[in-house]
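Here the structure comes first, spelled out in structure tokens, and everything after it is commentary.
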Amino acid sequence: MLFCMQCEKRLTSDEVAIYRRLIYRDAEEYLCKACLAEKMKTTEAEIERKIEHFKSIGCTLFL
Ligand SMILES: [Zn+2]
């Protein structure tokens with residue numbers, strides 16, 4: 000089980016995948032959607048939109 004390195008919220012597999020897709024593919028620690036949005040100066044909704052986008056193009060990180 001994985002937890003956000005910043006707020007310690009339990010992570011979903013999508014949150015792990017989007018972090019690896021956007022930040023660092025070989026990461027061993029991750030951020031939840033809220034903390035990732037803050038880091039990227041965007042919104043959680045935008046992170047969710049990106050997750051759906053990468054799923055729709057068949058990105059293998061999101062299996
Ligand atoms: Zn967090």
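Numbered per numbering that gives the first Met the number 0, the sequence shown spans residues 0 to 62.
Every residue, glycine too, gets a C-beta built ideally from N, C-alpha and C.
**Item:** 8 Å contact criterion, which Asp-13 and Ile-50 should meet: CB distance rounded
**Value:** 5 Å
**Prompt:** By how many angstroms is the C-alpha of Leu-35 removed from the C-alpha of Ala-44?
**Reply:** 11 Å
**Request:** Within 10 angstroms of the Cβ of Ala-16, are there 16 or more other Cβ atoms? Answer buried if so, exposed if not.
**Result:** buried
**Message:** With distance defined between alpha-carbon atoms, name the residue in Glu-28, Leu-21 and Tyr-23 nearest to Met-4.
**Reply:** Glu-28
**Per DSSP, cross-strand counterpart(s) of Phe-2** = Arg-9
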